[in-house]
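A short worksheet on the structure shown next.
Number of protein chains: 2
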Amino acid sequence: MTTRNVEDYLEVIWDLQDEKGYIKAKDIAYKLEVTRPSVSEMIRKLSENGYIVYEKYGGIIFTGKGKKLAQEIKKRHTLLVEFLKIIGVDEQNAQQDACKLEHDISPKTINCLLEFVEFINLLPESFKWRENFKKYLEERGLLHKERKK
Amino acid sequence: MTTRNVEDYLEVIWDLQDEKGYIKAKDIAYKLEVTRPSVSEMIRKLSENGYIVYEKYGGIIFTGKGKKLAQEIKKRHTLLVEFLKIIGVDEQNAQQDACKLEHDISPKTINCLLEFVEFINLLPESFKWRENFKKYLEERGLLHKERKK
DNA sequence: TACTTTTATTAGGTATTCCTAACTATCTAA
DNA sequence: TTAGATAGTTAGGAATACCTAATAAAAGTA
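Chain order of the listed sequences is Y and H. In terms of this note's numbering, the first sequence opens at residue 162 and continues consecutively. In terms of this note's numbering, the second sequence opens at residue 162 and continues consecutively.
Structure (structure tokens):
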């Protein structure tokens, strides 16, 4: 089974490949806030389970299986961030929450979320969804302030 | 720290109290799909950490701390289910997903979700949000079918 | 090229959470 | 009231994922 952790490591490795063009255990450790021995261990595990090809002190490359999973997680992540931003979560919190939620969301729900986001994005300007929502939030904000007085 | 597991157990214990009026290790085990020894162990732990009061072979009661946490998780769960249903996830899947997502969602995001759900529920009938969304989904359904041909 | 710094691995240990098997307490019904 | 069924606990162990300390390889520099 692909644990939450396998997914986290694959995602970070994917990002590093994307950002830097190469992958160092040191950078994985930094991004995941774990120690290098923990990374060594997981790299061995990922290699054993056929997600990556790896030789000691060498480079990491994805297998087909690893690439597929990494991309899928990335897709879930991106979708979650997009959705969270729509409902008013700021970029940073959206990123953080997406990192956790992406492991536990079922394919069915991902699909509903995708359709929802697409629907929202397709709404005609006259609908002014975002504006209405913002206005609603502002009104609530005012209400809260008044209550406190 | 309150782990994901502590939260799961507290939530199930809360539900049992609610549904049956009493709590049996057997029922907890059944609901969480674990064995009774696992439940015994966690009950000891919850007791040690002051979430419940418990004596061997006796009953379980929440402490203030335990009750507060259980209620909070329950609230997150209910909100998530409501939201998931809005975007078209069926009851059963919504329940399942909520059980997992409820552990990883930040307070800020919970708040945004709450405001979003409230906003949707307050929309005037003329907006017909749900109807428009349903229609959109149906149209997409048709498109998918046609593509497959 | 040899020395130093950086990077990665191994060894040994901890914590969490789960399991099976064996045992003990409690309840129930004859 | 006592024997069998049911429920709960303990003992011992496995898997996952993390850690620190020590070691080994690779890279960079004088």
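The beta-carbon is built from N, C-alpha and C at its ideal position, and this holds for glycine as well. None of these values were measured; they are calculated from a predicted model.
When the distance is taken between beta carbons, is residue j closer than 8 angstroms to residue i?
i: H:L241; j: H:A259; result: yes
i: Y:L284; j: Y:G249; result: no
i: H:V167; j: H:L193; result: no
i: Y:A186; j: Y:V195; result: no
i: H:I271; j: Y:L262; result: no
Please compile the residues from chain H whose C-beta is within a distance smaller than 9 angstroms of the C-beta of residue i.
i: Y:F277; result: I247, I248, G249, F294
Looking at C-alpha atoms only, which residue of the options is the closest neighbour of residue i?
i: Y:K228; options: Y:V173, Y:L275, Y:S267; result: Y:V173
i: H:V278; options: H:T224, H:I204, H:T239, H:S267; result: H:T239
i: Y:G225; options: Y:H264, Y:F244, Y:L171, Y:F280; result: Y:L171
i: Y:I281; options: Y:A190, Y:F294, Y:K269; result: Y:F294
i: Y:E276; options: H:I271, H:R291, H:R237; result: H:R291
i: H:M203; options: H:D169, H:T270, H:D265; result: H:D169
i: Y:D251; options: H:K269, H:H264, H:K236, H:Q256; result: H:K269
i: H:Q104; options: H:T163, H:W175, H:E243, H:E300; result: Given a span of 162 to 310 for chain H in the structure shown, any question on residue 104 of chain H remains unanswerable.
i: Y:T163; options: Y:A190, Y:L177, Y:E209; result: Y:E209
i: Y:F244; options: Y:Y183, Y:I189, Y:L274; result: Y:L274
i: Y:L177; options: Y:N254, Y:F223, Y:K289; result: Y:F223
i: Y:K289; options: Y:I189, Y:I247, Y:E216, Y:H264; result: Y:I247
i: H:K236; options: H:H264, H:K296, H:R205; result: H:H264
i: Y:I184; options: Y:N254, Y:Y218, Y:Q257; result: Y:Y218
Can you name the residues of chain Y whose CB is closer than 9 angstroms to the CB of residue i?
i: H:I266; result: D258, K261, L262
Cβ closer than 7 angstroms: which chain Y residues qualify as neighbours of residue i?
i: H:F280; result: F294, Y297
i: H:T270; result: L245, V250, N254, D258
For the alpha helix (DSSP H) containing residue i, name the first residue and the last one.
i: H:V278; result: 268-283
i: Y:Y191; result: 186-193
i: H:Y170; result: 165-181
i: H:I234; result: 225-247
i: H:E263; result: Here H:E263 belongs to no alpha helix (DSSP H), and DSSP marks it neither H nor E.
i: Y:V250; result: Note, Y:V250: premise wrong, no alpha helix (DSSP H); not H, not E.
i: Y:K206; result: 197-209
Can you give the beta carbon distance from residue i to residue j, rounded, assuming they're within the 8 angstroms contact cut?
i: Y:I221; j: Y:I234; result: The pair is not a contact, with the Cβ atoms about 16 angstroms apart (cut-off 8 angstroms).
Along chain H, in chain order, which residues have C-beta atoms closer than 8 angstroms to that of residue i?
i: Y:L274; result: I248
Can you tell me where the beta strand (DSSP E) with residue i in it begins and where it stops?
i: Y:V214; result: 213-215
For the ligand FAD, I want to know if residue i counts as a neighbour, meaning its beta carbon is within less than 7 angstroms of at least one of the ligand's heavy atoms.
i: Y:L240; result: With respect to the ligand FAD, the structure shown offers nothing to examine, as it has no ligands at all.
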